[in-house]
Amino acid sequence: MGRGQQTAGSYVDDAAVTTSVKAKFAEDKTVSATSISVETLNGTVQLSGFAKSTAEKMQAENIARGVNNVRSVRNDIVVRP
Numbered sequence: 042m043g044r045g046q047q048t049a050g051s052y053v054d055d056a057a058v059t060t061s062v063k064a065k066f067a068e069d070k071t072v073s074a075t076s077i078s079v080e081t082l083n084g085t086v087q088l089s090g091f092a093k094s095t096a097e098k099m100q101a102e103n104i105a106r107g108v109n110n111v112r113s114v115r116n117d118i119v120v121r122p
């Protein structure tokens, strides 16, 4: 399998990871689920968008790391008070 390609099973797993991360963001009082985008590829979660503080950015990363089947997290969230 070449770079950037996924099997059907890994795509389903990635979609489930994305859904789980978004659901946990929605439950959390610190993280704005509407300001942060979540994408997952082969178990790597990429976070992007805007946070109001460094604490929110780090909380989003910690939440993502705590989700099952997450191999790594790339935190590209920009802090913009």
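Residue numbers for the sequence shown, in the working numbering: 42 to 122.
Ideal Cβ positions, reconstructed from N, Cα and C, are used throughout, including at glycine.
Quick caveat: nothing in here was measured; it's all calculated off a predicted structure.
Sub-7 Å separation of isoleucine 118 and leucine 88 beta-carbons: Yes. Within cutoff.
Give the straight-line distance between the Cα atoms of valine 79 and serine 94, rounded to the nearest whole angstrom. 18 Å
May I ask you to list the residues that DSSP assigns as paired with glutamate 102? In the DSSP output, where bridge partners are listed per residue, glutamate 102 has none listed.
Applying the 10 Å Cβ sphere with the 16-neighbour rule, what's the burial state of serine 61? buried
Just the C-alpha distance for methionine 99 and alanine 57, rounded to the nearest angstrom, thanks. 22 Å
Would you report the Cα separation of aspartate 54 and alanine 74, rounded to the nearest angstrom? Those two C-alpha atoms are separated by around 21 Å.
In this structure, how does DSSP classify serine 61 when only helix, strand and coil are distinguished? Helix at serine 61.
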